[in-house]
Each structure stands twice: as C-alpha cells, then as structure tokens.
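With this note's numbering applied, the sequence shown corresponds to residues 1 to 327, in that order.
Working notes, beginning with the structure itself.
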Amino acid sequence: MVDIKEVIESQEMRDVVKALDALKRRWAPNHQVTDHVRPTVLALVGRYKAKEILQVLLDNNEYYPGYKEVLAASFGGWLIMPKERRVRETLMVHAALDHMDDSERKLGEAELSLKRDITARYVLTSMDFLIEIYDCMGGYQAFAQNPTLEMLWIAFERDEKVINTAVLAITFLHHAVDRFTTRGRPFVPSLNKAVLVLDELKATKPPFPYKEKYVSRSLLHQHWSQNKEILALLYAASTIRINRKTLLQLILDGLFSYNKHQPYLSLWVCRARYVSSHIFSRMGDPDLNRKTMRVIGEGTLATFAPPKLGEIEAASFSRTFRNIING
Numbered sequence: 001m002v003d004i005k006e007v008i009e010s011q012e013m014r015d016v017v018k019a020l021d022a023l024k025r026r027w028a029p030n031h032q033v034t035d036h037v038r039p040t041v042l043a044l045v046g047r048y049k050a051k052e053i054l055q056v057l058l059d060n061n062e063y064y065p066g067y068k069e070v071l072a073a074s075f076g077g078w079l080i081m082p083k084e085r086r087v088r089e090t091l092m093v094h095a096a097l098d099h100m101d102d103s104e105r106k107l108g109e110a111e112l113s114l115k116r117d118i119t120a121r122y123v124l125t126s127m128d129f130l131i132e133i134y135d136c137m138g139g140y141q142a143f144a145q146n147p148t149l150e151m152l153w154i155a156f157e158r159d160e161k162v163i164n165t166a167v168l169a170i171t172f173l174h175h176a177v178d179r180f181t182t183r184g185r186p187f188v189p190s191l192n193k194a195v196l197v198l199d200e201l202k203a204t205k206p207p208f209p210y211k212e213k214y215v216s217r218s219l220l221h222q223h224w225s226q227n228k229e230i231l232a233l234l235y236a237a238s239t240i241r242i243n244r245k246t247l248l249q250l251i252l253d254g255l256f257s258y259n260k261h262q263p264y265l266s267l268w269v270c271r272a273r274y275v276s277s278h279i280f281s282r283m284g285d286p287d288l289n290r291k292t293m294r295v296i297g298e299g300t301l302a303t304f305a306p307p308k309l310g311e312i313e314a315a316s317f318s319r320t321f322r323n324i325i326n327g
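Shown next as structure tokens:
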C-alpha cells in the first residue's frame, strides 16, 4: 500500500516540482499576469463579478492558458440566467474540458510517452489551470458529472424565449427612437410602448406563431425589471453576425468562446454603450442606464442601425405608431 503522505513529502517529489517550475518559467507567456483573481472567486463565489470579468476579457494582458476561456464561458452563462450559479459552473466546466482537449490535440501524432503527457498537462494545459480551475472546480468528479449542452438547451428553452422577447422589444424601441427623433419631435421610449407592438403582433391575422417564439407581457416585465444590467448586452449581441448566426444565438447555444469570438468583444461592448446612451437614457427609468454602465463601463460608443424588421413585425410596428407616423 502506497503511503500518500510519504510520496508527497519525498525528495523525488521535490525534484519533480522543481523541474515542473523550471518548465513553467521557460514556457509560460513572457508577461503572464501573476496578480489575477481565481476564476472560481470571480464567477462562483458570492456575487457574480461581471464588471471585473468583462474587463479581463477586454484587456490585452496575458494570463495562463484557459483563464480567459473559462471566464468567457461564465459570462455567457450569466447573460442567459444571471441568478443561476449552476449554469455558469456547467459552462465553465465545458470550456475547461475544451481547453484540456485542445492542449492534447496540439501534440498531434507525438509518441505516447511520459514526456508527451507532461507537455500536454503541465505546459499546454498549464499548472495554474490545473490548480485554479480543474482542482478548484471539483476535479474529476465534478467534470465527469457535468450536464451536457443538450441538457442545458432544454433548461434554457423558456429563458431563450424571454430573452428573444426582450431583444425584440428593444429592437422596436430602437426603430422608434431613430425614426421619430429624426423628425425633431420628442419621443420617450418605454417598455410599455414596445409591449403595445408585441400585442399588435400577437393579434395579427392570420395568426402569428407568437407563443412559439416569445413570452407574455408579465414574464417580459419580470425579466426586464430583474435583469436590467444585461439587456443592452443581449440586444447588442443580437446585432452582431458571425457567419450565419448572431453572437446572441451562439451565447444561447452555450457556444460563446473567447478563442473564437474575442475579435467581436470590443464591438459588442461599444454597441451596448450606444444602446444605453441612445435608448435607455431617454427612458423614464434611470436604473436601466446606471446598471448597464456599471457593468460595461464608460468608453467608446459604436453607432449602429437597428436590425431590419420582418414584414409582419414592421406592419405591427406601423399600426401601433400610426398616430406618430402620420401626424
């Protein structure tokens, strides 16, 4: 029977640790940040630190491999279900597994050996990652029991419909602000005005499949009032196309990835600032702008036009605002 304590305290183990430290010093990024906060502390302990995490995702600093990838996954989970820690944790584990798999794949057809294993685990995956993410998130047991993305999609179904309803409501408000403000007339956007368009859409003949895509006004109001800090980010994400999907669709699919989507992060946040300035600041609810800016911070704005409405949605918009349009 192996004495675990004896192994850990042995001279041989001290030699191994010393050699691994030398590997880390040689192959870690030259300017790796060392005063970072552990991902589990930022994303899973107490209040979700959205502002701090977003700042890390936007900065140009080098962290240990996998650090930003796992934080980005948590950010996507927070946007979908801000109050559900388990969702963030599940997506973080998926991101961690992807990082570990990618590290092994980088070795290609290299001969199976201890050298290969050490390179994959302690250099490419990184020792910091194994300690701060793999171990801190529960190790093998937590990773083995992690729900699949398919299970998450089932859990996300209602939340996806709520988010899509909120995004459509902001789309209507964006069109209204652009169209009516350019005429030099005061227009005060509000959720209730957007709901009037949604009600008109629901009453369309022949019937529009509203219940299949969107939720009731009560659920919309509930989500809106409880999650004001994420609304601009959700809407801005819906306006950024990546190949054949929007960034929002990728987030809702649990596929938001730092490695794949980092080039879009700055634009995303700059558009969210524009939404807050151009739409939310005109509304009678100062919390919308204040809570949004508390997460995304002051900075550059990126002006953009609202997405084009479909024929049915455009007709509902026109009927709702016909007094303004024809006045």
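All C-beta atoms in this analysis are idealised placements derived from N, C-alpha and C, irrespective of residue type, glycine included.
Note that the structure is predicted; figures quoted are calculated from it, not measured.
| task | Return yes when the Cβ of residue 321 is within less than 9 Å of the Cβ of residue 309, no when it is not. | result | Looking up residue 309 in the sequence shown gives position 309. Looking up residue 321 in the sequence shown gives position 321. No; because the gap between Cβ atoms is not below 9 Å, this pair is not in contact.
| Pick from 23, 45, 250 and 11 that is closest to residue 264, judged by C-alpha positions | Position 264 of the sequence shown holds residue 264. Among 23, 45, 250 and 11, the Cα nearest to that of residue 264 is on 250.
| task | Check residue 11 in the structure and name its three-state DSSP category. | result | Along the sequence shown, read from residue 1 onward, the residue named residue 11 stands at position 11. Note: residue 11 maps to helix in three-state DSSP.
| Is the number of C-beta pairs between the region 226–233 and the region 290–299 that are closer than 8 Å three or more? | yes
| query | Hey, quick one: how far does the alpha helix (DSSP H) through residue 170 stretch, first residue to last? | reply | Position 170 of the sequence shown, counted from the start, is the residue given in the question as residue 170. 149–181 is the span of the alpha helix (DSSP H), which, as asked, contains residue 170.
| With burial defined as no fewer than 16 other Cβ atoms inside 10 Å of the residue's Cβ, what is the status of residue 110: buried or exposed? | Indexing the sequence shown from 1 puts residue 110 at position 110. Burial call: exposed.
| In the DSSP assignment, what residue or residues form a beta bridge with residue 32? | By one-based count along the sequence shown, residue 32 stands at place 32. Per DSSP, 62.
| message | Just to confirm, is the Cβ distance from residue 177 to residue 189 under 9 Å? | response | On the sequence shown, position 177 is the one that residue 177 refers to. On the sequence shown, position 189 is the one that residue 189 refers to. Yes.
| query | Is the Cβ-Cβ distance between residue 233 and residue 274 less than 9 Å? | reply | Here residue 233 refers to the residue found at position 233 when the sequence shown is read from its first residue. Here residue 274 refers to the residue found at position 274 when the sequence shown is read from its first residue. In this structure, residue 274 does not lie closer than 9 Å to residue 233 by Cβ.
| What is the DSSP secondary structure of residue 18, reduced to helix, strand or coil? | The count along the sequence shown starts at 1 and reaches residue 18 at position 18. The answer is helix: DSSP assigns residue 18 an H, G or I state.
| field | Euclidean distance between Cα positions of residue 252 and residue 240 | value | As a working note, residue 252 is residue 252 in the sequence shown. As a working note, residue 240 is residue 240 in the sequence shown. Taking the straight line joining both Cα atoms gives about 14 Å.
| request: Have a look at the DSSP bridge pairing and note the partners of residue 241. | output: For this step, residue 241 is matched to residue 241 along the sequence shown. Note: residue 241 sits in a beta bridge opposite 246.
| task | Closer than 7 Å by C-beta to residue 78: which residues in its own chain qualify, once you throw out the five before and the five after it? Chain order, please. | result | Here residue 78 is taken as the residue at index 78 of the sequence shown, counted from 1. Around residue 78: 48, 50 and 88.
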